[in-house]
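J.:
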């Protein structure tokens, strides 16, 4: 069975702090995709990154970075120098035979 | 990248009426589309998987007669909430897959349904 676990339900930080959101997945598929989405209070899902199972290179996009480690089945997301606008719910998702989401991590960044 | 358009983005309807939500893949053919539902402050729960030209596969606990899914073409899937009730109020989002099997998927913008 496939599963995505985001163990952190809520995280609260002060602006400019770095924060890492954890994602651990389970799958028997050898080919799959991992995603991170941001859901601001307005509700829409904002695509952040898609990574396929054969590409373990870490990626950096501005203040965002992702660490994909197949050996530990983790795809963690770090926001550097967090800002209030980063406050949202962040979902990790796995696309294999099915397409499933983690429970989400609610990030609150305070001024 | 591929685009999935979902319409409407929000809808308010009266109890007992039916509401149709459309999900279109704009620049690719989607052999498989997924429909999700999200209750406030919860994750997205898969409701059903629809394959073009065949009946949708519903997840356990989802009433197929209440949530009608039609995937008549490779670019369009519809979700109809029949005889809507206030408890059906939720955020519904679709996702489209470009090919069979374990290919990547793209998401629509979501539809916020409020039943009054």
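Chains as they are written, first to last, in this note's numbering: chain A, 7 to 117; chain B, 588 to 703. No residue lacks a Cβ here, since even glycine has one placed at the ideal position from N, Cα and C.
(1) Check each candidate in 61(A), 47(A) and 14(A) and name the one with the smallest Cα separation from residue 41(A).
(2) From residue 35(A) to residue 683(B), what does the alpha carbon distance come to, in whole angstroms?
(3) Please confirm whether residue 654(B) and residue 635(B) have their CB atoms less than 8 Å apart.
(4) Please determine, among 643(B), 607(B) and 600(B), the residue with the shortest C-alpha to C-alpha distance to residue 619(B).
(5) Count the C-beta pairs between the region 84-98 of chain A and the region 657-674 of chain B that are closer than 8 Å, then say yes if the count reaches three, no if not.
(6) Indicate the three-state DSSP secondary structure (helix, strand or coil) for residue 9(A) in the structure shown.
(7) Could one say the Cβ of residue 613(B) lies closer than 8 Å to chain A's Cβ atoms, at least one of them?
(8) Spatial neighbours of residue 600(B) within its chain, please: C-beta separation below 8 Å, excluding the five flanking residues on both sides.
(9) Straight-line CA distance for residue 664(B) to residue 680(B)?
(10) If you scan the region 39-79 of chain A from start to end, which runs of the beta strand (DSSP E) of 3 or more residues do you find wholly inside it?
(11) Can you say whether residue 66(A) is buried or exposed, counting buried as having 16 or more other CB atoms within 10 angstroms of its CB?
(12) In the region 101-114 of chain A, which residues sit with their C-beta less than 9 Å from some C-beta in chain D, listed in chain order?
(13) Near residue 92(A), what residues of its chain come up, given a Cβ to Cβ distance below 7 Å and the 5 sequence neighbours on each side ignored?
(14) For the beta strand (DSSP E) holding residue 600(B), just list the boundary residues, first then last.
(15) Applying the 10 Å Cβ sphere with the 16-neighbour rule, what's the burial state of residue 18(A)?
(16) Less than 7 Å between C-beta atoms, sequence neighbours within five positions excluded: which residues of the same chain meet that for residue 79(A)?
(17) Taking the C-alpha atoms as reference points, what is the distance between residue 590(B) and residue 617(B)?
(18) Closer than 8 Å, CB to CB, is residue 68(A) near chain B or not?
(19) Count the other CB atoms within 10 Å of the CB of residue 13(A); is the residue buried (16 or more) or exposed (fewer)?
(20) Would residue 25(A) and residue 100(A) qualify as a contact pair, given that the criterion is a beta-carbon distance under 8 Å?
T.: Walking through what the data contain:
(1) Reading the first chain from its first residue, position 35 is the one you call residue 41(A). Comparing Cα-Cα distances from residue 41(A) to each of 61(A), 47(A) and 14(A), the minimum goes to 61(A).
(2) Indexing the first chain from 1 puts residue 35(A) at position 29. Indexing the second chain from 1 puts residue 683(B) at position 96. Cα to Cα, the separation comes out at about 19 Å.
(3) Indexing the second chain from 1 puts residue 654(B) at position 67. Indexing the second chain from 1 puts residue 635(B) at position 48. In this structure, residue 654(B) places its C-beta atom within 8 Å of the C-beta atom of residue 635(B).
(4) For the purposes of this step, residue 619(B) is taken as residue 32 along the second chain, with counting starting at 1. With distances taken between Cα atoms, residue 619(B) lies closest to 643(B).
(5) no
(6) Here residue 9(A) is taken as the residue at index 3 of the first chain, counted from 1. It is a strand residue.
(7) To locate residue 613(B), count along the second chain from 1; it is residue 26. No, no contact with chain A.
(8) Within the second chain, the letter at position 13 stands for residue 600(B). Excluding sequence neighbours, residue 600(B) sits near 606, 671, 700, 701, 702 and 703.
(9) As a first step, residue 664(B) must be located in the second chain, where it is residue number 77. As a first step, residue 680(B) must be located in the second chain, where it is residue number 93. Between residue 664(B) and residue 680(B), the C-alpha separation is close to 12 Å.
(10) 39-45, 52-58, 65-67 and 70-75
(11) Taking the first residue of the first chain as position 1, residue 66(A) is located at position 60. Residue 66(A) is exposed by the Cβ-count criterion.
(12) Of the chains in the structure shown, none is chain D; the protein chains are A and B.
(13) By 1-based counting over the first chain, the position of residue 92(A) is 86. Scanning its chain for C-beta atoms nearer than 7 Å, with the 5 sequence neighbours on each side dropped, one finds around residue 92(A) the residues 85, 113 and 115, in chain order.
(14) Here residue 600(B) refers to the residue found at position 13 when the second chain is read from its first residue. Its beta strand (DSSP E) spans residues 597-600.
(15) Against the first chain, residue 18(A) aligns to sequence position 12. That one is exposed.
(16) Looking up residue 79(A) in the first chain gives position 73. 30, 31 and 32, listed in sequence order.
(17) Here the question's residue 590(B) lines up with position 3 in the second chain. Here the question's residue 617(B) lines up with position 30 in the second chain. Their Cα atoms are separated by approximately 11 Å.
(18) Numbered from its first residue, the first chain carries residue 68(A) at position 62. So, not an interface residue.
(19) What you label residue 13(A) is simply residue 7 of the first chain in a count that begins at 1. Exposed, by the Cβ-count rule.
(20) For this step, residue 25(A) is matched to residue 19 along the first chain. For this step, residue 100(A) is matched to residue 94 along the first chain. No, the pair does not count as a contact, with Cβ atoms beyond the cut-off.
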